[in-house]
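> 1 is the number of the first residue of the sequence shown in our numbering; add one for each residue after it.
Glycine included, each C-beta is placed from N, C-alpha and C at the ideal position.
Here it is: the structure, laid out below.
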Amino acid sequence: MQTYDVKSPNIVEFVNVIKLLSHPIRFSIALTLNENGIMNVSKIQESLDLTQSTVSQHISKLREAGIVSADRDGTKIYYSLTSETAKTILKAYGNNN
């Protein structure tokens, strides 16, 4: 029988990403970035039909967790999905959809 260390860094990281992506808006933002690559808030907002403040609020949580990274170009900030764990989770969704 396989045993698992419930406190292992891999399990903790995976569970933390799942927790953050468990919100439908954050999950949708991650899906959008995964499919489209680098985007700014306006493009994400447009693709999900959400307000800018809503997208900004949720993307902030994804950034804090290291799931999304940000790069500034002048006055615009561009976001990309950088977490391999998140990409793995999103791939599972794509396989079932």
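1) Using a threshold of 9 Å, state whether the C-beta atoms of D107 and S80 are closer than that.
2) Pull up the distance between the alpha-carbon of I59 and that of N95, whole angstroms please.
3) Helix, strand or coil for S28, going by three-state DSSP, please let me know.
4) For the putative contact between V17 and A92, defined by C-beta atoms under 8 Å, what is the C-beta separation to the nearest angstrom?
5) Three or more beta-carbon pairs under 8 Å between the segment 33-50 and the segment 5-13, yes or no?
Taking the definition as stated:
1) The structure shown does not extend to residue 107, since the chain spans only 1 to 97, so no value can be given for it.
2) 24 Å
3) helix
4) Incorrect: roughly 12 Å between the Cβ atoms, too far for contact.
5) no
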